[in-house]
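Going by our numbering, the sequence shown opens with residue 1, and the numbers climb by one from there.
The C-beta atom is built at its ideal place from N, Cα and C for all residues, glycine as well.
Since this is a predicted model, take the numbers as computed values, not measurements.
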Amino acid sequence: MYRIALAGEAHVIGESLIKLCIQDIVSCVLGESYSKQVESVSLSNNTVKKRINDIADDIELELISRLQACNAYALQLDESTDVAEIAILLVFVRYDFNKKTEEDLLLCESVNINTMGENIFNCIDNFMTTHEINWGKCIEVCSDGAKSMTGKVSGVVARIKNVAKNCNSTRCILHRYALVTKRISVTFKSVLDEAVKIINFIKSKPFQSRIFKAMCEDMGSLHNTASSYRS
Numbered sequence: 001m002y003r004i005a006l007a008g009e010a011h012v013i014g015e016s017l018i019k020l021c022i023q024d025i026v027s028c029v030l031g032e033s034y035s036k037q038v039e040s041v042s043l044s045n046n047t048v049k050k051r052i053n054d055i056a057d058d059i060e061l062e063l064i065s066r067l068q069a070c071n072a073y074a075l076q077l078d079e080s081t082d083v084a085e086i087a088i089l090l091v092f093v094r095y096d097f098n099k100k101t102e103e104d105l106l107l108c109e110s111v112n113i114n115t116m117g118e119n120i121f122n123c124i125d126n127f128m129t130t131h132e133i134n135w136g137k138c139i140e141v142c143s144d145g146a147k148s149m150t151g152k153v154s155g156v157v158a159r160i161k162n163v164a165k166n167c168n169s170t171r172c173i174l175h176r177y178a179l180v181t182k183r184i185s186v187t188f189k190s191v192l193d194e195a196v197k198i199i200n201f202i203k204s205k206p207f208q209s210r211i212f213k214a215m216c217e218d219m220g221s222l223h224n225t226a227s228s229y230r231s
């Protein structure tokens with residue numbers, strides 16, 4: 001069940017493929033009589049779903065117990081809209097466990113009605129209160145530059161600081177980069193803009209990418225593709 005969940009495969013693959021493969025392997029290695037014993041193993045769609053839910057519940061309980069026992073933790077918040085136009089809130093947590101820094105997904109919830117700071121905070125606060133996780137241990141919170149997150153009075157970060165007095169705040173790396181680009185010199189900006197245009201031109205059509213690759217190979221370059229990174 002764990003392997004199916006880890007691979008992100010459809011639950012029916014357990015009965016329609018994996019079980020049949022196991023039977024074939026056991027039959028070839030150990031014999032037909034042992035292969036028949038594998039038939040008693042339930043890998044139906046409902047069974048796989050139930051076991052995956054049990055695994056998820058166990059992982060959640062383990063994470064909550066770790067946060068209840070740790071000395072401090074930090075949160076990273078991200079709110080975005082999926083393809084179905086549903087606002088999804090992701091909360092990642094970082095904490096110390098067995099002298100190592102661990103990072104896990106703490107919360108993944110849909111935000112109803114609107115994505116105002118109050119609603120987002122209430123979503124997080126309800127989870128913390130329900131599972132008895134102490135806000136006082138929160139020492140850092142990281143978010144993007146959205147107003148609902150960074151508003152001085154009603155933003156999520158401001159509300160968290162009201163309940164976590166020792167909490168500091170920071171913004172994600174990509175947003176800090178965006179802030180820096182607003183203050184760079186005109187000369188440097190023109191160079192970056194030109195580089196972006198060149199890369200976009202190369203990436204715009206497969207034919208142009210192939211020409212660029214051939215040109216790099218003719219010049220003896222170590223690299224033959226125009227790398228780009230998107231958030």
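Between H223 and T187, the alpha-carbon positions lie close to 27 Å from each other. In this structure, DSSP gives L105 an extended state, which the three-state scheme calls strand. Taking the Cβ atoms as the reference, L77 lies roughly 7 Å from V141, within the contact range of under 8 Å. Within a 10 Å sphere around the beta-carbon of L106 sit 16 or more other beta-carbons, which makes this residue buried.
Annotated three-state conformation of E140 is strand, per DSSP. In this chain, the beta strand (DSSP E) harbouring D96 covers 87-97. Of the residues assessed, T115 falls on the buried side of the cut-off, its CB having 16 or more other CB atoms within 10 angstroms. A residue is called buried once 16 or more other Cβ atoms fall within 10 Å of its Cβ, and G31, having fewer, is exposed. At a Cβ-Cβ threshold of 7 Å, V157 and S169 count as neighbours. Counting every other CB atom within 10 Å of its CB across the protein chains shown gives I133 a total of 16 or more, marking it as buried. By the Cβ-count criterion, C123 is buried, with 16 or more other Cβ atoms from all chains shown falling within 10 Å of its own Cβ. The beta carbon of F201 sits closer than 7 Å to the beta carbons of Q208 from its chain, once the five residues preceding and following it are set aside; these are given in chain order.
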